[in-house]
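In UniProt numbering, the protein residues as written are 1 to 312. Each remark here refers to the structure printed beneath this line.
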Amino acid sequence: MLRDRVEQANEAKQRILAEMSSLFDQTCQARSNHKHYRDKLAEAERKVTGHQEKLAVTEEEYTTWHAKASEYCAEVMNPRNANLVRKEVEALEKAVKQRERRQGASVDEMEAECVRTKRALDKTNAAIKGLEEMAQKLDYAVKVRIETWHTFRRNIALRTKAQFGFHLAVRSFIGHLHFDHVKSTLNLSVMTADQAQAQGTQRAKEARSLSGGEKSYTQVCLLLALWESVGCPIRCLDEFDVFLDAPNRGICMNLLAEAAKSSEAKQYFFITPLDTGSFIKPDPPVVKISQMKEPNRDPRALGQTRLPFRSG
Numbered sequence: 001m002l003r004d005r006v007e008q009a010n011e012a013k014q015r016i017l018a019e020m021s022s023l024f025d026q027t028c029q030a031r032s033n034h035k036h037y038r039d040k041l042a043e044a045e046r047k048v049t050g051h052q053e054k055l056a057v058t059e060e061e062y063t064t065w066h067a068k069a070s071e072y073c074a075e076v077m078n079p080r081n082a083n084l085v086r087k088e089v090e091a092l093e094k095a096v097k098q099r100e101r102r103q104g105a106s107v108d109e110m111e112a113e114c115v116r117t118k119r120a121l122d123k124t125n126a127a128i129k130g131l132e133e134m135a136q137k138l139d140y141a142v143k144v145r146i147e148t149w150h151t152f153r154r155n156i157a158l159r160t161k162a163q164f165g166f167h168l169a170v171r172s173f174i175g176h177l178h179f180d181h182v183k184s185t186l187n188l189s190v191m192t193a194d195q196a197q198a199q200g201t202q203r204a205k206e207a208r209s210l211s212g213g214e215k216s217y218t219q220v221c222l223l224l225a226l227w228e229s230v231g232c233p234i235r236c237l238d239e240f241d242v243f244l245d246a247p248n249r250g251i252c253m254n255l256l257a258e259a260a261k262s263s264e265a266k267q268y269f270f271i272t273p274l275d276t277g278s279f280i281k282p283d284p285p286v287v288k289i290s291q292m293k294e295p296n297r298d299p300r301a302l303g304q305t306r307l308p309f310r311s312g
């Protein structure tokens, strides 16, 4: 009896153990399924969140595009079928690709090229505008300089006329200078003292109708007037008195000497083959006279190697 009860108890134990093992397996499978579906749920929730974000972006783009499209025209309800519209879009895309093959560039490339060309055009236009402004400024500067030059030239002419008349008056001559700046010519007319008394001051002789001495004297007066009007630091005359008679030569020499003495920061050189002792006296260091020796005319001479000066 006891053995039977033990066997029954063992059998019951085995059944319970088998049931427990089955329940354990079911529990493990349930836990595995729970984890699997929980992960699937999290993945699905992530997908839903991503689609919601895309939906928000799409709705925002639609709102923006709709607002921009409304700026061009009012909304037109399209009753066409979506498949028909899709086919038209595909046909347009195909036409665009064909055009791109013919043009050798895509729409984006042509748009980028257009943007680059537009930038280059804007840069060139800005450079042209800057050059035009600079040209206007330079043109204005040139006009100002030309006006200043005209004023400067007119003042020089007036000063030369005044100085010419002043130097002529030393011998009671009357003279006029006429500057033609357009033709770049200078005409002068001179009247001697005798002519002024006989004919008045209305008629004057041209320079070529003067005598040799009068012409040389007039030239010296003109030269002095021009010298006084320009800033030339060194002034030189060579054989200027060879055609002057004694009275005119004396007056010219005195004029030149006085002009040289009254000028500051200027140096004068007067070279003449004639004697100056009766007109100009040495006055070192202001006036210095250097006289060359007579040339050696002996045919046996081998030639001069230097020209010694004799100071006086």
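Backbone N, C-alpha and C fix where the C-beta goes; we use that ideal spot for every residue, glycine too.
Candidates T160, N125 and D122, of which the one nearest L188 by Cα: Among T160, N125 and D122, the Cα nearest to that of L188 is on T160.
Residue burial classification, V6 (beta-carbon count within 10 angstroms, cutoff 16): Taking all protein chains shown into account, V6 has fewer than 16 neighbouring C-beta atoms within 10 Å of its C-beta and is therefore exposed.
Is T192 helix, strand or coil when you go by DSSP? Taken through DSSP and simplified to helix, strand or coil, T192 comes out as coil.
Secondary structure of F179, DSSP reduced to three states: DSSP places F179 in strand when its eight states are reduced to three.
Can you tell me whether A67 is buried or exposed, with buried defined as 16 or more other CB within 10 angstroms of its CB? With fewer than 16 neighbouring CB atoms inside 10 Å of its own CB, A67 falls in the exposed class.
According to DSSP, what are the bridge partners of C236? Answer is F269.
Within its chain, find whatever has a CB closer than 7 Å to the CB of residue 325; leave out the 5 residues flanking it on each side and keep chain order. Because the chain is modelled from 1 through 312, residue 325 falls outside the range shown and cannot be assessed.
Using beta-carbon positions only, say whether N248 and Y217 come within less than 9 Å of one another. Cβ distance < 9 Å, so N248 and Y217 count as in contact.
With M253 as the anchor, note down where its alpha helix (DSSP H) starts and where it stops. For M253, the enclosing alpha helix (DSSP H) has its first and last residue at A246 to S262.
For S32, three-class secondary structure by DSSP: If DSSP states are grouped into helix, strand and coil, S32 belongs with the helices.
Going by C-alpha to C-alpha distance, which of R154, N78 and V230 sits closest to S184? Looking at the Cα atoms, R154 is the closest of the given residues.
Looking at the unbroken beta strand (DSSP E) that takes in N211, where does it start and where does it end? In the sequence as presented, Asn is not what sits at residue 211; that position holds Ser. Taken as a continuous stretch (DSSP letters only), S211 belongs to no beta strand (DSSP E), as it is neither H nor E.
Please report the Cβ distance between I271 and E294, rounded to the nearest whole angstrom; I am assuming they are in contact, meaning their Cβ atoms lie under 8 Å. Incorrect: roughly 16 Å between the Cβ atoms, too far for contact.
My output table needs one value for L274: the three-state DSSP class, helix, strand or coil. Judged by DSSP in its simplified three-state form, L274 adopts coil rather than helix or strand.
Given T192 as reference, the closest of I174, V182 and E60 once Cα atoms are compared: Each of I174, V182 and E60 was checked against the Cα of T192, and the nearest Cα belongs to I174.
What residues in its chain sit with their C-beta under 8 Å from that of C252, if we drop five residues either side in the sequence? Excluding residues within five positions, the ones whose Cβ falls inside 8 Å are S216, Y217, V220, F240, D241 and L244.
Buried or exposed by the 16-neighbour rule on C-beta atoms within 10 Å, applied to F164: So F164 ends up on the buried side.
Identity of the residue in K54, K266, H167 and P79 nearest residue 315 by Cα: Since the first and last residues shown for the chain are 1 and 312, residue 315 lies out of range.
Taking its Cβ as the centre, do 16 or more other Cβ atoms sit within 10 Å of V85, making it buried, or is it exposed? Counting every other CB atom within 10 Å of its CB across the protein chains shown gives V85 a total below 16, marking it as exposed.
Close-in-space but distant-in-sequence residues of the same chain around E228 (CB under 6 Å, 5 per side omitted): Sequence-distant Cβ neighbours of E228 in its own chain, meaning closer than 6 Å and more than five residues away, are Q163.
Output the boundary residues of the beta strand (DSSP E) element that contains M292. For M292, the uninterrupted beta strand (DSSP E) segment begins and ends at S290 to M292.
Check I174 in the structure and name its three-state DSSP category. Secondary structure at I174: strand, using DSSP grouped into helix, strand and coil.
Is the distance from the Cβ of A259 to the Cβ of L210 below 9 Å? Taking 9 Å as the Cβ cut-off, A259 and L210 do not qualify as a contacting pair.
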